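Protein chains in written order, with this note's numbering: chain A, 91 to 280; chain B, 91 to 280. We put the CB at the ideal spot given by N, CA and C, even for glycine. Here the structure is a predicted model, which is why all the values come from computation and not from measurement. Shown next, in structure tokens, is the structure this report addresses.
Protein chains: 2
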Amino acid sequence: MDFTYINKIFDELNFTDEEITIVKSVFRKVKIKKGDILLKAGDLVNYQYYVVDGCMRTFHVDKEGKEYTIQFGISDWWISDYTAFFSGGKAVLNIEAIQDSTLYRISREDKEYMYSKMPKVDHFFRIKLEKAFTAFQKRILINLSKPAKERYINFIETYPKIEKSIKNYHIASYLGITTESLSRIRKELS
Amino acid sequence: MDFTYINKIFDELNFTDEEITIVKSVFRKVKIKKGDILLKAGDLVNYQYYVVDGCMRTFHVDKEGKEYTIQFGISDWWISDYTAFFSGGKAVLNIEAIQDSTLYRISREDKEYMYSKMPKVDHFFRIKLEKAFTAFQKRILINLSKPAKERYINFIETYPKIEKSIKNYHIASYLGITTESLSRIRKELS
DNA sequence: GTTAAATATTGATGTATGGTAAGAAATCGA
DNA sequence: TCGATTTCTTACCATACATCAATATTTAAC
């Protein structure tokens, strides 16, 4: 079995042989096909997922059936319904594969176990969270302050890799506009 | 000097006497008057602040001079320009006191020192970040999915304490609408 | 390659919220 | 307490984006 991904997940951490054994034991490979659902709203959320390759999408569906994309996940990103994963509650979000994808999952219990055995893992995830928090703050600010056209330009500049592999209506639902409005913006820009 | 605040800041952590000495040495009290600026965009951000009492506001000012409120900070909240504080870069945000306030500040260097000496502090701030991350995600979702009236209702339900001590135009700038629009919404609701 | 399905575009019209300007109400300072 | 300043409200019109409906284009299935 291939464990080279461990180095990629925890890139800058130096584990002892004993620690490597622990880390290997808690991750499990998950393969998922394009269009398949990894997590449904209402499910208990017991796992966090590391994306090796492919592309995932986290989204909310409101009462009228409209979708709002919270996050895309490509290679080297982590995905989950974090609100539910952190608290042990039920998912409000859905996660689907928008490309065939390979993930590694870890359970909340195993993550707690890693924290208790290896303080450096606490440190590692704290820094990951600082970056994720920063990214969310930037998104809140741009959503408050910029019109849709600028948000779209910012999106394709910030996520050039993602932009190529996803549908326009997914980008629209990330930006908070309709697919028709996005189409008009794209026309203006071309 | 009064160090009871230490227990409040790190409520569930049990420090040894030696650790308490370290913690006490890295925090410094800051008093600030209503209307005063704690941090200006462009400044280097060397501190993170714990609010003991009063009310602070973190906001961005765009090129046209319009303000966008990212966060309010009342008793027991932490505030800073985190993007800059985490990375060591310059502030994009401003922080002002909207009430006379008492804060305790800690520098990035001292925080790193605490992390290196006490893994439980890493653990503590990781959990704080998980909660802050979750709150931001909820805000992104409501900003994408709900009209201004519902965002306002959600705000006053979520932050009843804050709502009483701040101006309507600050709430408007947090919701991403004009003070005139907020006024119309308030009229509808009354 | 041809057809069906999915996705993207376009046009006409509606709605939420913005901008400007004026006035009313509340708060502050002497 | 009274005038000055700040904050809030109201009215009118403008704009960004939504909605609905139709059509065009791309992708997928056989």
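message: Counting only beta-carbon separations shorter than 7 Å, does residue 222 of chain B have a partner in chain A?
response: Looking up residue 222 of chain B in the second sequence gives position 132. Chain A contact via Cβ: present.
- prompt: In chain order, what residues of the same chain lie with their CB nearer than 7 Å to the CB of residue 268 of chain A, ignoring the 5 residues before and after it?
  reply: Start at 1 with the first residue of the first sequence, and residue 268 of chain A comes out as number 178. Within the same chain, Cβ atoms closer than 7 Å to the Cβ of residue 268 of chain A are found at 262, the five residues on either side in sequence being excluded.
message: Using a Cβ-Cβ distance cut-off of 7 Å, determine whether residue 173 of chain B contacts chain A.
response: Taking the second sequence and counting its residues from 1, one reaches residue 173 of chain B at position 83. Answer yes: the Cβ-Cβ gap between residue 173 of chain B and chain A drops below 7 Å somewhere.
query: By how many angstroms is the C-alpha of residue 154 of chain A removed from the C-alpha of residue 236 of chain B?
result: As a working mapping, residue 236 of chain B is identified with position 146 in the second sequence. As a working mapping, residue 154 of chain A is identified with position 64 in the first sequence. Cα atoms of residue 236 of chain B and residue 154 of chain A: separation of roughly 12 Å, rounded to the nearest angstrom.
task: Between the Cα of residue 132 of chain A and those of A:124, A:144, A:151 and A:146, spot the shortest distance and give me the residue it belongs to.
output: If you number the first sequence from 1, residue 132 of chain A lands on position 42. When each option's Cα is compared against that of residue 132 of chain A, the closest is A:151.
query: If the cut is a Cβ gap below 8 Å, which residues of chain B does residue 212 of chain A touch?
result: Your numbering for residue 212 of chain A matches position 122 in the first sequence. The answer, in chain order, is 209, 212, 213 and 216.
- prompt: In chain B, which residues lie less than 8 Å from residue 229 of chain A when you measure between Cβ atoms?
  reply: The sequence position of residue 229 of chain A within the first sequence is 139, counting from 1. Neighbours of residue 229 of chain A on chain B, chain order: 230.
message: Do residue 129 of chain B and residue 217 of chain B count as a contact pair if the criterion is CB distance below 7 Å?
response: Mapped onto the second sequence, residue 217 of chain B falls at position 127. Mapped onto the second sequence, residue 129 of chain B falls at position 39. In this structure, residue 129 of chain B does not lie closer than 7 Å to residue 217 of chain B by Cβ.
message: Can you give me the C-alpha to C-alpha distance between residue 108 of chain B and residue 156 of chain B, rounded to a whole angstrom?
response: For the purposes of this step, residue 108 of chain B is taken as the residue at position 18 of the second sequence. For the purposes of this step, residue 156 of chain B is taken as the residue at position 66 of the second sequence. Near 48 Å, if we compare the C-alpha coordinates of residue 156 of chain B and residue 108 of chain B.
message: Whole angstroms are fine: how far does the CA of residue 162 of chain A sit from the CA of residue 125 of chain A?
response: Here residue 125 of chain A corresponds to residue number 35 of the first sequence, with the count starting at 1. Here residue 162 of chain A corresponds to residue number 72 of the first sequence, with the count starting at 1. So the alpha carbons of these two residues sit roughly 14 Å apart.
- request: Can you say whether residue 170 of chain B is buried or exposed, counting buried as having 16 or more other CB atoms within 10 angstroms of its CB?
  value: One-based indexing of the second sequence puts residue 170 of chain B at position 80. Burial call: buried.
task: Check whether the Cβ atoms of residue 117 of chain A and residue 242 of chain A sit closer than 7 Å, and answer yes or no.
output: Here residue 117 of chain A refers to the residue found at position 27 of the first sequence. Here residue 242 of chain A refers to the residue found at position 152 of the first sequence. Contact: no.
- request: For residue 176 of chain B, decide whether its Cβ has a neighbour in chain A, counting only Cβ atoms nearer than 7 Å.
  value: On the second sequence, position 86 is the one that residue 176 of chain B refers to. Yes, contact with chain A.
Cβ neighbour criterion (16 or more within 10 Å) applied to residue 220 of chain A: For the purposes of this step, residue 220 of chain A is taken as residue 130 along the first sequence, with counting starting at 1. Buried, by the Cβ-count rule.
task: Please confirm if residue 233 of chain A has its CB atom under 7 Å from at least one CB of chain B.
output: The sequence position of residue 233 of chain A within the first sequence is 143, counting from 1. Interface residue (Cβ-Cβ distance to chain B less than 7 Å): residue 233 of chain A is classified as such.
- prompt: Are residue 142 of chain B and residue 175 of chain B close, meaning C-beta to C-beta below 7 Å?
  reply: Your numbering for residue 142 of chain B matches position 52 in the second sequence. Your numbering for residue 175 of chain B matches position 85 in the second sequence. Taking the C-beta atoms as reference points, residue 175 of chain B is found no nearer than 7 Å to residue 142 of chain B.
query: Can residue 164 of chain B and residue 252 of chain B be called in contact, C-beta distance under 7 Å?
result: Sequence index remark: in the second sequence, residue 164 of chain B carries index 74 (1-based). Sequence index remark: in the second sequence, residue 252 of chain B carries index 162 (1-based). Taking 7 Å as the cut-off, the Cβ atoms of residue 164 of chain B and residue 252 of chain B count as close.
task: Give every residue of the same chain whose Cβ lies closer than 7 Å to the Cβ of residue 121 of chain A, excluding the five residues on either side of it in the sequence, and list them in chain order.
output: For this step, residue 121 of chain A is matched to residue 31 along the first sequence. Excluding sequence neighbours, residue 121 of chain A sits near 192.
query: Any idea what DSSP makes of residue 98 of chain A, helix, strand or coil?
result: Within the first sequence, numbered from 1, the residue matching residue 98 of chain A stands at position 8. In this structure, residue 98 of chain A counts as helix in the three-state DSSP scheme.
- prompt: Can you tell me whether residue 159 of chain B is buried or exposed, with buried defined as 16 or more other CB within 10 angstroms of its CB?
  reply: Taking the second sequence and counting its residues from 1, the one referred to as residue 159 of chain B is at position 69. When all chains shown are included, residue 159 of chain B counts as buried.
- prompt: Can you give the beta carbon distance from residue 147 of chain B to residue 178 of chain B, rounded, assuming they're within the 8 Å contact cut?
  reply: To locate residue 147 of chain B, count along the second sequence from 1; it is residue 57. To locate residue 178 of chain B, count along the second sequence from 1; it is residue 88. Here residue 147 of chain B is actually not in contact with residue 178 of chain B; their C-beta atoms are around 23 Å apart, not less than 8 Å.
- prompt: Would residue 101 of chain B be called buried (16 or more neighbouring beta carbons within 10 Å of its own) or exposed?
  reply: Within the second sequence, the letter at position 11 stands for residue 101 of chain B. Exposed is the call here.
message: Going by DSSP, what residue range makes up the beta strand (DSSP E) through residue 153 of chain A?
response: As a position in the first sequence, residue 153 of chain A is number 63, starting the count at 1. No beta strand (DSSP E) holds residue 153 of chain A; DSSP gives it neither H nor E.
task: Show which residues of chain A have a CB atom less than 8 Å away from the CB atom of residue 260 of chain B.
output: Mapped onto the second sequence, residue 260 of chain B falls at position 170. Near residue 260 of chain B there are no residues of chain A at all, since even the closest Cβ is about 13 Å away, more than 8 Å.
- prompt: Who are the near neighbours of residue 207 of chain B in its chain, counting only those whose CB is closer than 8 Å to its CB and skipping five residues on each side?
  reply: One-based indexing of the second sequence puts residue 207 of chain B at position 117. So the qualifying residues of the chain are 109 and 112.
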